[in-house]
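Here the structure is laid out as structure tokens; the discussion comes afterwards.
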Amino acid sequence: TAAVESRPAVPAAVQTPVKPAAQPPVQSAPQPAAPAAENKAVPAPAPQSPAASPSGTRSVGGIVWQRPTQGKVVADFGGNNKGVDIAGNAGQPVLAAADGKVVYAGSGLRGYGNLVIIQHNSSFLTAYGHNQKLLVGEGQQVKRGQQVALMGNTDASRTQLHFEVRQNGKPVNPNSYIAF
145 TAAVESRPAV PAAVQTPVKP AAQPPVQSAP QPAAPAAENK AVPAPAPQSP AASPSGTRSV
205 GGIVWQRPTQ GKVVADFGGN NKGVDIAGNA GQPVLAAADG KVVYAGSGLR GYGNLVIIQH
265 NSSFLTAYGH NQKLLVGEGQ QVKRGQQVAL MGNTDASRTQ LHFEVRQNGK PVNPNSYIAF
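Following my numbering, the numbering of the sequence shown begins with 145 at its first residue and continues without gaps.
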């Protein structure tokens, strides 16, 4: 008889939650449908993001690279040019193309004006020349995208950034690492 008494109490308790229980299943059905649509949309952009590189980053050689500044490439790699020259405005930000350590900041290398050189690992260096002002010093750690200088025209005929990538001390085409 105790079980019989429990059963009438259970239906009374079940009748009260039946109304709220009817509403959550209706709400639960649309909620899973929306995330499923979002999940389908997310994978499509994910493959496009690395290819399109909206932020301008690219991972090559174990390093994540980005453009060192905005502007038009006015002289490409090759011949006498050991890097790329990017036109811009005086004082425009010059950014570290990848994480690393500043190994040179000065104006003692002829033809480069105010120059920053960043070592990224045991193989790769980048050089940023013709700057108006240097914002980092030797020995300083920098992050990709950190401002390291202001664009200028020191030891150049126009305002520009001369940008080089060197692998094991030899100039290599920056276009192989960065989308310009």
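For each residue, glycine too, the CB sits at the ideal point set by N, CA and C.
Cβ pair count under 8 Å reaching 3, the stretch 201–220 against the stretch 236–244: yes
So what does DSSP say about residue 174, is it helix, strand or coil? Annotation note: pLDDT 43 at residue 174 (below 50); position unreliable, coordinate value reported separately. DSSP places residue 174 in helix when its eight states are reduced to three.
To the nearest angstrom, how far is it from the Cα of residue 251 to the Cα of residue 278? 10 Å
Can you list, in chain order, the residues of its chain with a C-beta nearer than 6 Å to that of residue 270? Leave out the 5 residues immediately preceding and following it. 241, 262, 309
Between the stretch 280–293 and the stretch 215–232, do at least 3 Cβ pairs fall closer than 8 Å? no
Quick one: is residue 296 buried, meaning 16 or more other Cβ sit within 10 Å of its Cβ, or exposed? buried
With distances taken between CB atoms, is the gap from residue 246 to residue 281 smaller than 8 Å? yes
Please report the residue range of the beta strand (DSSP E) in which residue 315 lies. 314–316
When burial is assigned at 16 or more other CB atoms within 10 Å of the CB, is residue 314 buried or exposed? exposed
Beta carbon of residue 304, beta carbon of residue 231: below 8 Å? yes
Measuring CA to CA, which of 225, 243, 257 is closest to residue 202? 243
Between residue 265 and residue 207, how many whole angstroms is the CB-CB distance? I'm expecting something under 8 Å. 7 Å
Over what stretch of residues does the beta strand (DSSP E) that includes residue 278 continue unbroken? 268–278
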